[in-house]
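Step one of this worksheet: look at the structure below.
Numbering (this note's numbering), first residue to last: 57 to 597.
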């Protein structure tokens, strides 16, 4: 599985020829021993940030490409919600955002009982009840209740008395590790101190403190918008062997050893912080992709005149993300972080082989949501555009999953049920997750016709629901009287979503397609989120 050469070309892996689907019947007979799980998740990795996706031919992800080519690679997977905590809670519990009630990142640090947070078990907690050894390393970003049962579980108490788990494995331990090993790192001229690791970095031109005096406090950064983690772009001074990604992976590698030695089937999670902001990269991944060669997003100068997202993510206050010259720096750093993760995923896969458990381990790789990366002049996520809502998804299970490319529409909501299905574990809890096994094995020809994504963060002040079907995409707020514009896009004709077909004079064909999608959405809402079905049905398109 592993390649030590991070510069291995995509072509040498045979990616150019595409994925050859093989019938499930060609897979070897299943084994009787209870299988293991290695669950690998990145944060903010968009669907096309894989070499095998073909969007960026220069992008080198040989280990993930091989994982996709030898397993089930979903080409149209969407997050249930394009922001971390709600998306991760859906992944863990198999519930819609409306049903688990974790609508916002901020709710992670609130009392779960105060907003009616779910009492459902996570898939790992279900596995633990069925004799599994479970550890979680990396970002969790959910209420503490969902961390109970992990061998490495540690509870912290916030100032307001709410129990929580440090959202990064623990970030303060990484900071202590760096300080103990390197002491006080020197700052060069113009270097700034980052707000996450407490390390100096050399800023790129897209960074808001670029060109400012050395060690300018974040609060003095130019601009009207408050300085935050996503404003940081540049190069970190520590070696690649001591990056945060390396640190997190080493924790997971040790966990795999403990799991294999436990005498039990195991479930180990490695949940990476990157390629989430801050876009701070160590060499050789910093500069691996020359800034001058980065392709400017086709929609970067979109005026978004008819879009409900015209003012999303502080767009008007952050003009640097509409600057073709500056956005190339962000892209270079982002893709470097992705390739670094790919290298360490190779280490995890090699460890499975060295432990002799690779053939009996289900490997799942995905991301919680995507990253706009300058598309429409936006950064981060939080919107229904493809770059934000669509994610990579791979299931690889030797002897159980034959190589197949799955092009149907799927949601990360269904990862929960798929994991338990392939591990042979029954779950009597009521939730919204449905196994994707039928799509993988070609026995379910109906599932995958459409997919729905939610956004309930601040009520109907933005679109709340998105549905994609037959290359058409509709998004609407749930309130009939919301002033937020509806939007309809034809992804085949308009892959970058620059033309809202419900703005201005609407053709009968487009109106009929919007009504068709709305009817499917209402049907989905009646099943999963009935409180919003009537409002969506009454809304004027």
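Ideal Cβ positions, reconstructed from N, Cα and C, are used throughout, including at glycine. Note that the structure is predicted; figures quoted are calculated from it, not measured.
query, result
"Those residues which DSSP pairs with residue 270 across a bridge", "In DSSP, residue 270 forms no bridge with anything."
"Residue nearest to residue 455 in terms of C-alpha spacing, selected from 151, 128, 513", "128"
"Test item: CB-CB of residue 355 and residue 134 under 8 Å", "no"
"Option nearest residue 289 by Cα separation, candidates 337, 307, 295", "337"
"Continuous alpha helix (DSSP H) stretch holding residue 444: start and end", "442–445"
"Entirely enclosed alpha helix (DSSP H) segments - the stretch 458–501, minimum 4 residues", "471–479, 493–497"
"Separation of residue 190 from residue 200, as counted between CA atoms", "15 Å"
"Three-state secondary structure assigned by DSSP to residue 192", "strand"
"Own chain, CB closer than 6 Å to residue 578, minus 5 neighbours either side, in chain order", "589, 592, 593"
"Best match in 230, 348, 178 for proximity to residue 294 [C-alpha to C-alpha]", "230"
"Under the three-state DSSP convention, the category residue 528 falls into", "strand"
"Member of 537, 331, 237, 450 whose CA lies at the smallest distance from the CA of residue 122", "450"
"Close-in-space but distant-in-sequence residues of the same chain around residue 350 (CB under 6 Å, 5 per side omitted)", "384, 387, 388"
"Residue 246 in three-state terms, based on DSSP", "coil"
"Residue 103, DSSP secondary structure in three states", "coil"
"Among 170, 165, 196, 173, the one whose alpha carbon lies nearest that of residue 180", "196"
"Validate contact between the stretch 496–515 and the stretch 460–474 using beta carbons, cut 8 Å, 3 pairs", "yes"
"Contained beta strand (DSSP E) runs [length at least 3] in the stretch 300–357, N- to C-terminal order", "322–327, 335–337"
"Given 8 Å, three or more beta-carbon pairs between the stretch 492–499 and the stretch 522–540", "no"
"Residue range of the alpha helix (DSSP H) that includes residue 408", "380–410"
"C-beta contact flag for residue 149 and residue 472 at 8 Å", "yes"
"C-alpha gap between residue 493 and residue 310, whole angstroms", "30 Å"
"Residue 631 burial status per 10 Å Cβ neighbour count (16 or more: buried)", "Outside the displayed span of the chain (57 to 597) sits residue 631, for which this structure offers no information."
"As assigned by DSSP and simplified to three states, the class of residue 237", "helix"
"Proximity to residue 546 [Cα-Cα], best of 560, 540, 524", "524"
"Simplified DSSP state of residue 85, which is helix, strand or coil", "Confidence at residue 85 is low in this model, with a pLDDT of 39, below 50, so the placement of that residue should be treated as unreliable; the coordinate-derived value is given next. Looking at residue 85 - three-state DSSP - the assignment turns out to be coil, as it is neither helix nor strand."
"N-terminal and C-terminal residue of the alpha helix (DSSP H) that residue 280 is part of", "Looking at the DSSP string, residue 280 is not in any alpha helix (DSSP H), and its letter there is neither H nor E."
"Buried versus exposed, by CB contacts within 10 Å (16 or more), residue 437", "buried"
"For residue 170 and residue 378, the rounded distance between their alpha carbons", "40 Å"
"Span of the beta strand (DSSP E), counted from its first residue to its last, around residue 49", "Outside the shown range of the chain, which is 57 to 597, sits residue 49, and nothing can be said about it."
"Segment contact flag, the stretch 365–374 with the stretch 266–274, C-beta cutoff 8 Å, min 3 pairs", "no"
"Three-way DSSP call (helix, strand, coil) for residue 175 in this model", "coil"
"Segment contact flag, the stretch 468–485 with the stretch 404–421, C-beta cutoff 8 Å, min 3 pairs", "yes"
"Contact between the stretch 397–411 and the stretch 429–444 (3+ Cβ pairs under 8 Å)", "no"
"Span of the alpha helix (DSSP H), counted from its first residue to its last, around residue 118", "118–125"
"Nearest to residue 297 (by Cα), restricted to the options 326, 245, 238", "238"
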